[in-house]
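A.B. asks: Protein chains in written order, with the working numbering: chain A, 6 to 119; chain B, 6 to 909. Virtual Cβ for every residue (Gly too), placed ideally from N, Cα, C. In this text the structure is predicted, and so the values were computed from the model without any measurement. Before I ask anything, here is the structure I am working with.
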């Protein structure tokens, strides 16, 4: 991964995770599964890449974690959006939309620059 | 543990984890105490892979395929784990740090509040620490200056001093030979300190300034930059030597030329010769010799012109410094010096048979002074350490008393669940606050004291007082001492204050009953250290007095000294001799003057001269001659100073350069050199193995020459007419008043030698006091330290005793109720309060005896126990203890038993 791509990918990943968790607490696998289902496989995600992002957002206070015991008696870590996290999601969504519309305007341009 | 290890334990029947139940409480409790991020990460990944497999199997995949697919989708497990662990660890570290500072801030705030609430306690504690810290910081500043500090303003990396044998000076000839043959050293340079006559303009009056003659490459070797102009690089072999150039010290430039940048190119007059100012040195730099602060740097090339001495005759008083070539180690430099020395020795076997060359670091004073400097340092540090201990004992005692008073507060905090660790930390923070406050005041005092010390140095001494200013080393040392002190006085009281048993017991049992013993021990320690300090101070004081009282063997009363340095005046040798003769003639004619003579050295002034000399035929096998102290004098010297002539005659005018060379020896020399024989007519080998033979024409009484307390030593005198020297001191014995004689001397000097700047006129008494300066300074310092210790100990003893007795009010009330008489009670309390102090005094006296025994080998006239000081100190401390016990005991014994028993 080239260095300059990291920020973009990281930012995108963060926004996907935040959005996913806005439906309620989930563990890492469920987040990955939900993203894959929703994008119908358009986003090719290495599931492991979720974890640095999850932990970083947890340290930052956007997420909080909670340990649960599955029916198979496995310990599972569930992430939940905090107030900070919701605020971050709103902000990121807005800037993402601005970016998309700006890039869209450029790509949809029909006039050649003078 | 990797997640894959756990995959084996998974069963295909595991259901999706979506509806997981909550983790049991006990597990969270464990986590609360000991978070284990590694195990957590294991669990998290394991859950992910298992969930993925379950979902794939549910979608119809075989268990084996599902396992592979789940791992493929996860990606690089090890890599992700590494990344996450790093993130978590960083987060953990930050969290811990933030928590630490938060707690610290909280403790500092709380501590400051508690200290503000008891201003009396805080004042005494901070004052105790400040006094001790001021003493420590000051002493360390001095030690730093004389032992640790490298040459200021120079680049000391790769710089070494070079000595002949242990600390001998390289002569000009040796230096130039080395310079021409070395490959390990980039530069070998030398600096020679002196004084010369200076005029800022041709018609300006002469003044005497401190100068340093420095060899070629001196400034580049030390990497000393110029703030103005350039440095000089005058080849000593070149003809440029005849047109001297000069570099001004920054201080002299500011003082004498008002920092005028137009000074470059200006012509000044040094020893009567025109010299061009070419540069101004950087302000940080003083000299390569620690403590010396010259005003003018001159090229060695001009030395023959300015001093009249040919280059090849420059021997002693030259301080050599060398810069190693980049990449060459000091040991390689030493090795090369060894090789060079052997080559040099081959050129002159007799001279260099046992000579070695060595390098030394550039820290502190030169090697010749290092041993006494180190000894003095160790002694002083020992003394101030004792003061610090006394202060620590004081504060510890106060803290323990306070802890007893705060048992309620601490008990409550323990009861509501504060850990003991937490309480100790809080109490230590409070102690640290005290220590920091005391240390800051102490450092401020040290800066003031060292500044005063620097200003108190006589300017003629040419000693640069700035070297005593505290630098980063001093600040670092004092800071470290501050923390050490905190632990020393704060730790035990904090442990005791937070001990659950103690607080419990104190709540129930009789107050004051438990904590008395350790505080008694502290009192004992304090009293003994205090006695020790006072005893040592007294020993110094007495030694000083004894030195002052000693008979020096010459006349002191009515003696006046005038330095007459004809090297400040242009002239040939015979002109000097004639000037001196004319001067003496006129001075002897002054009213009230009963004698006048010239001498090269003032006895007991701190200066001395030595030269190899031995009775003829008594040379050792090695051909080396031991050095003896000597003086160069004119006829009439012995009579003027009242030194009795035992045999033979005084020098006469006829003992001049044309006559046979003569010498006068003291009684010790006569006895040691020719035991049982007449010394008169014997011959003395002078200077070198093949040096001239001097005939003994007289024997004079012994005197003290170098230090007042010295053992009788061999001393010889040679006549000025046979050993020319431009720099002499005029001794005058007069019955007239000091001022009248001084003015008369000045007018004679002005008439005879108009070019000579008016020299200082002093009494022999005051000149001698220079030798007493170290002892006097030591006595003053120790006296001050002793008083500080006495003050601290008195405060400590009073505080603790008064407090302890006050806490026994209830017990005393019960005793009174049971019928104990008033007087008996008071007597009992006073007796018990005195016990720790008495033991301390006894221990202190024993310690003092030990130290006095050690000092008796170093100091003159040390008596083991001083009759005046020890009983006085003992009395004061005992009195303080009695007074402190008496008032509260009286009060406690007098009040109504019923009231007393209700007192807490």
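Rounding to the nearest angstrom, what Cα-Cα distance links residue 489 (chain B) and residue 186 (chain B) in this structure?
C.D. replies: Counting from 1 along the second chain, the entry for residue 489 (chain B) is found at position 484. Counting from 1 along the second chain, the entry for residue 186 (chain B) is found at position 181. Answer to the nearest angstrom: the Cα atoms are 52 Å apart.
A.B. asks: Between the alpha carbons of residue 760 (chain B) and residue 277 (chain B), how many angstroms are there, rounded?
C.D. replies: For this step, residue 760 (chain B) is matched to residue 755 along the second chain. For this step, residue 277 (chain B) is matched to residue 272 along the second chain. Using only the alpha carbons, I get a separation of about 9 Å.
A.B. asks: I want to verify the contact list: residues of chain D whose CB lies under 7 Å from the CB of residue 66 (chain A), in sequence order.
C.D. replies: Reference to chain D is not applicable here, since the protein chains of this structure are A and B.
A.B. asks: Determine the burial state of residue 220 (chain B): buried for a count of at least 16 other Cβ atoms within 10 Å of its Cβ, exposed for fewer.
C.D. replies: Reading the second chain from its first residue, position 215 is the one you call residue 220 (chain B). Residue 220 (chain B) is buried by the Cβ-count criterion.
A.B. asks: Look up residue 198 (chain B) in the DSSP assignment and say whether it is helix, strand or coil.
C.D. replies: Working through the second chain from its first residue, we reach residue 198 (chain B) at position 193. Residue 198 (chain B): strand per DSSP, three-state reduction.
A.B. asks: Whose Cβ in chain B lies nearer than 9 Å to the Cβ of residue 88 (chain A)?
C.D. replies: As a working note, residue 88 (chain A) is residue 83 in the first chain. Under the 9 Å cutoff, chain B gives no residues; its nearest Cβ is about 20 Å from residue 88 (chain A).
A.B. asks: So which residues of chain A does residue 949 (chain B) contact, with C-beta pairs closer than 7 Å?
C.D. replies: This structure cannot speak to residue 949 (chain B), because chain B is shown only from 6 to 909.
A.B. asks: Who are the Cβ neighbours of residue 442 (chain B) in its own chain at under 6 Å, not counting the five residues just before and after it?
C.D. replies: Numbered from its first residue, the second chain carries residue 442 (chain B) at position 437. Result list for residue 442 (chain B): 131, in chain order.
A.B. asks: Leaving out the 5 sequence neighbours to the left and right, which residues in its chain are closer than 8 Å to residue 460 (chain B) when beta-carbon positions are compared?
C.D. replies: On the second chain, residue 460 (chain B) is found 455 positions in, with the first residue counted as 1. So the list reads 470, once near-sequence residues are dropped.
A.B. asks: Looking only at its chain, what residues have a beta carbon closer than 8 Å to the beta carbon of residue 31 (chain B), apart from the 5 residues adjacent to it on each side?
C.D. replies: Translated into the one-based positions of the second chain, residue 31 (chain B) becomes position 26. Note on residue 31 (chain B): pLDDT 45, under 50, position unreliable in the model; no value is reported.
A.B. asks: For chain B, find out if any of its Cβ atoms is closer than 7 Å to the Cβ of residue 57 (chain A); answer yes or no.
C.D. replies: Reading the first chain from its first residue, position 52 is the one you call residue 57 (chain A). Residue 57 (chain A) counts as touching chain B.
A.B. asks: If residue 369 (chain B) sits next to residue 152 (chain B), beta carbons under 8 Å apart, how far is it from one beta carbon to the other, in whole angstroms?
C.D. replies: Here residue 369 (chain B) is taken as the residue at index 364 of the second chain, counted from 1. Here residue 152 (chain B) is taken as the residue at index 147 of the second chain, counted from 1. 4 Å between Cβ atoms; contact.
A.B. asks: Note the first and the last residue of the continuous beta strand (DSSP E) segment covering residue 329 (chain B).
C.D. replies: Stepping through the second chain from its first residue, residue 329 (chain B) is reached at position 324. Segment 323 to 329, the beta strand (DSSP E) holding residue 329 (chain B).
A.B. asks: By alpha-carbon positions, which one of B:437, B:435, B:476 and B:155 ends up nearest to residue 455 (chain B)?
C.D. replies: Sequence index remark: in the second chain, residue 455 (chain B) carries index 450 (1-based). Checked all of B:437, B:435, B:476 and B:155; the closest Cα to residue 455 (chain B) is B:476.
A.B. asks: Name, going along the chain, the residues of the segment 89 to 103 of chain A whose beta-carbon falls closer than 9 Å to a beta-carbon of chain B.
C.D. replies: none
A.B. asks: Got a sec? Which residues, its chain only, sit under 7 Å from residue 126 (chain B) by beta carbon, not counting five neighbours each side?
C.D. replies: Stepping through the second chain from its first residue, residue 126 (chain B) is reached at position 121. Around residue 126 (chain B): 403 and 407.
A.B. asks: Which parts of the segment 25 to 89 of chain A are runs of the alpha helix (DSSP H), unbroken and 4 residues or longer, counting only runs that do not cross its ends?
C.D. replies: 33 to 44 and 55 to 65
A.B. asks: Quick check for students: name the residue ranges of the alpha helix (DSSP H) that lie wholly in the segment 523 to 608 of chain B, counting only runs of 4 or more.
C.D. replies: 578 to 593
A.B. asks: Which one of B:50, B:97 and B:90 has the shortest CA to CA distance from residue 78 (chain B)?
C.D. replies: Mapped onto the second chain, residue 78 (chain B) falls at position 73. Taking each of B:50, B:97 and B:90 in turn and checking the Cα distance to residue 78 (chain B), the smallest one comes out for B:50.
A.B. asks: Near residue 316 (chain B), what residues of its chain come up, given a Cβ to Cβ distance below 7 Å and the 5 sequence neighbours on each side ignored?
C.D. replies: The residue given as residue 316 (chain B) occupies position 311 in the second chain. Within the same chain, and ignoring the five residues on either side of residue 316 (chain B) in sequence, the residues whose Cβ sits closer than 7 Å to its Cβ are 177, 241, 308 and 309.
A.B. asks: Which runs of the alpha helix (DSSP H), 4 residues or longer, sit entirely within the segment 222 to 263 of chain B?
C.D. replies: 223 to 227 and 255 to 262
A.B. asks: From the beta carbon of residue 515 (chain B), is the nearest beta carbon of chain A less than 7 Å away?
C.D. replies: Stepping through the second chain from its first residue, residue 515 (chain B) is reached at position 510. Its pLDDT being 42, under 50, residue 515 (chain B) is placed unreliably by the model, and nothing is read from it.
A.B. asks: Whose C-beta lies closer than 6 Å to the C-beta of residue 400 (chain B) among residues of the same chain, with five residues either side of it excluded?
C.D. replies: To locate residue 400 (chain B), count along the second chain from 1; it is residue 395. Once the five neighbours on either side are set aside, the close Cβ partners of residue 400 (chain B) are 130, 133 and 494.
A.B. asks: Determine the extent of the beta strand (DSSP E) in which residue 722 (chain B) is found, giving its start and end residues.
C.D. replies: Taking the second chain and counting its residues from 1, the one referred to as residue 722 (chain B) is at position 717. For residue 722 (chain B), the enclosing beta strand (DSSP E) covers residues 720 to 724.
A.B. asks: Assuming residue 385 (chain B) and residue 191 (chain B) are in contact, meaning their beta carbons sit under 8 Å apart, how far apart are those beta carbons, in whole angstroms?
C.D. replies: Against the second chain, residue 385 (chain B) aligns to sequence position 380. Against the second chain, residue 191 (chain B) aligns to sequence position 186. Incorrect: roughly 38 Å between the Cβ atoms, too far for contact.
A.B. asks: In chain B, which residues lie with their C-beta within 8 Å of the C-beta of residue 51 (chain A)?
C.D. replies: Numbered from its first residue, the first chain carries residue 51 (chain A) at position 46. The answer, in chain order, is 78, 79, 80 and 81.
A.B. asks: Give the straight-line distance between the Cα atoms of residue 482 (chain B) and residue 382 (chain B), rounded to the nearest whole angstrom.
C.D. replies: Here residue 482 (chain B) is taken as the residue at index 477 of the second chain, counted from 1. Here residue 382 (chain B) is taken as the residue at index 377 of the second chain, counted from 1. Residue 382 (chain B) has its alpha-carbon roughly 15 Å from the corresponding atom of residue 482 (chain B).
A.B. asks: Looking at the C-beta of residue 57 (chain B), does it have a partner C-beta in chain A at a distance below 7 Å?
C.D. replies: Reading the second chain from its first residue, position 52 is the one you call residue 57 (chain B). Closer than 7 Å: yes.
A.B. asks: Can you tell me where the beta strand (DSSP E) holding residue 638 (chain B) begins and where it ends?
C.D. replies: Position 633 of the second chain, counted from the start, is the residue given in the question as residue 638 (chain B). Looking at the DSSP string, the run of the beta strand (DSSP E) that includes residue 638 (chain B) is 632 to 638.
A.B. asks: For residue 928 (chain B), which of B:767, B:622 and B:599 has the nearest alpha-carbon?
C.D. replies: This structure gives no information on residue 928 (chain B), because the portion of chain B shown stretches from 6 to 909.
A.B. asks: Cβ closer than 9 Å: which chain B residues qualify as neighbours of residue 33 (chain A)?
C.D. replies: Mapped onto the first chain, residue 33 (chain A) falls at position 28. Listed along chain B, the residues sitting closer than 9 Å to residue 33 (chain A) by beta-carbon distance are 49, 50, 52, 53 and 56.
A.B. asks: So is residue 435 (chain B) buried or exposed if we call it buried at 16+ other beta carbons inside 10 Å?
C.D. replies: On the second chain, residue 435 (chain B) is found 430 positions in, with the first residue counted as 1. So residue 435 (chain B) ends up on the buried side.
A.B. asks: Which ranges would you report for the beta strand (DSSP E) in the segment 356 to 411 of chain B if only whole runs of at least 3 residues count?
C.D. replies: Correct list: 362 to 365.
A.B. asks: Is DSSP giving residue 271 (chain B) helix, strand or coil here?
C.D. replies: Position 266 of the second chain holds residue 271 (chain B). Note: residue 271 (chain B) maps to coil in three-state DSSP.
A.B. asks: Residues in the same chain with beta-carbon distance under 8 Å from residue 295 (chain B), minus the five sequence neighbours each way, listed in chain order, please.
C.D. replies: Numbered from 1 along the second chain, position 290 holds the residue referred to as residue 295 (chain B). If you ignore the 5 residues before and after residue 295 (chain B), its C-beta comes within less than 8 Å of the C-beta of 150, 151, 154, 156, 369, 370, 371 and 472, all in its own chain and listed in chain order.
A.B. asks: Which of the three DSSP states, helix, strand or coil, is assigned to residue 619 (chain B)?
C.D. replies: Your numbering for residue 619 (chain B) matches position 614 in the second chain. It is a strand residue.
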